[in-house]
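Under my numbering, residues 49 to 128 are what the sequence shown spells out, in order. Heads up, the beta-carbon is just placed ideally off N, CA and C, and yes, glycines get one too.
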Amino acid sequence: LTPRVRANLEKVTAEAERAARIVQNLLTFARQRKPDKQPVSINNLIRLTLDLRAYHFRVNNIEVVEEFDANLPDAAADPY
């Protein structure tokens with residue numbers, strides 16, 4: 049494969065994975081169930097949220113710099 053074709057395939061793969069995550073999050077959100085609070089990493093939640101908004105950031109030329117506190121305690125929340 050040429051470098052250009054390879055780069056395009058990598059973009060398609062990344063966007064397909066992003067679309068799958070969005071669909072999974074929508075399905076999880078749409079399910080009616082009781083909240084199940086458990087320890088949740090705030091850093092991971094923020095990363096997931098940034099992943100969901102990655103396309104918006106990219107098309108609007110917004111650069112996101114991630115600087116997370118490694119010592120941040122978990123929060124009691126429903127991870128879904």
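Residue i (DSSP reduced to helix, strand or coil)
i           : result
residue 80  : coil
residue 66  : helix
residue 110 : coil
residue 97  : helix
residue 75  : helix
residue 61  : helix
Bridge partners - residue i, DSSP secondary structure assignment
i          : result
residue 87 : 124
Segment limits, alpha helix (DSSP H) that includes residue i
i           : result
residue 118 : That residue, residue 118, is in no alpha helix (DSSP H); it is neither H nor E in DSSP.
residue 107 : 102-107
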